[in-house]
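Notes follow once the structure below has been shown.
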Amino acid sequence: MAKITDDVQFGGSLNPGLFSDVAKEKAEKIAGDERTNKPTQLRRFYDEIVLWETRVGQQPDKFAEYLPFIRMVNAKAAYAEGRKLVNPDFVALMGHTLGQVQDAKTLTHCKLFWEAFMGFYKQVRPKD
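Okay, so the sequence shown: first residue is 231 according to the numbering used here, each after it adds one.
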């Protein structure tokens, strides 16, 4: 059985379907758990990634200083899982994507992936 993190890679040349087919597949899988993963909850994580990507864009020389705080989003996801607000698949996907952030470029790829994911997620769960 495929893992939620399969096909999500930011290094090297990007999969042409990363921000379309792959993001849609992951959104559909995570949307299947209707007890957790409300779009507003997931949007908070996306918004934080956007915040860090914007800060890095404004001050690229501070990337190394910001990286621990970017990776701290994993702890926030784990906390949300403990509160039953998100499920383990979401936490695994968030951890996998943040784990690939090595520089400003991979942070941008991470942000774009989550942007695409959120668009497809809202399509699948429009009323939550």
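Don't be surprised by glycine CBs; every beta carbon is placed ideally from N, CA and C.
Straight-line gap, residue i to residue j (C-alpha atoms, nearest Å)
| i | j | result |
| --- | --- | --- |
| Gln332 | Arg355 | 32 angstroms |
| Asn267 | Lys256 | 13 angstroms |
| Phe240 | Glu258 | 20 angstroms |
| Gly207 | Gly349 | Given that the chain is displayed from residue 231 to residue 358, the structure contains no residue 207 and the question cannot be resolved. |
| Tyr276 | Pro269 | 10 angstroms |
| Thr219 | Glu283 | In the structure as shown, the chain starts at 231 and stops at 358, and residue 219 therefore has no counterpart that could be examined. |
| Ala294 | Ala232 | 33 angstroms |
Cβ distance (whole Å) where residue i is taken to contact residue j below 8 angstroms
| i | j | result |
| --- | --- | --- |
| Leu315 | Gln271 | 5 angstroms |
| Ala334 | Val286 | 5 angstroms |
| Ile197 | Leu328 | Nothing in the structure corresponds to residue 197, since the chain is present only between 231 and 358. |
| Ile279 | Phe320 | That belief does not hold up - the Cβ atoms of Ile279 and Phe320 are roughly 13 angstroms apart, past 8 angstroms. |
Opening and closing residue of the alpha helix (DSSP H) in which residue i lies
| i | result |
| --- | --- |
| Asp319 | Pro318 to Gly329 |
| Gly349 | Ala334 to Val354 |
| Ile279 | Pro269 to Gln288 |
| Ile300 | Phe293 to Arg301 |
| Lys256 | Ala253 to Ala261 |
Taking 8 angstroms as the threshold, find out whether the segment 237–249 comes into contact with the segment 295–310 through three or more Cβ pairs.
no
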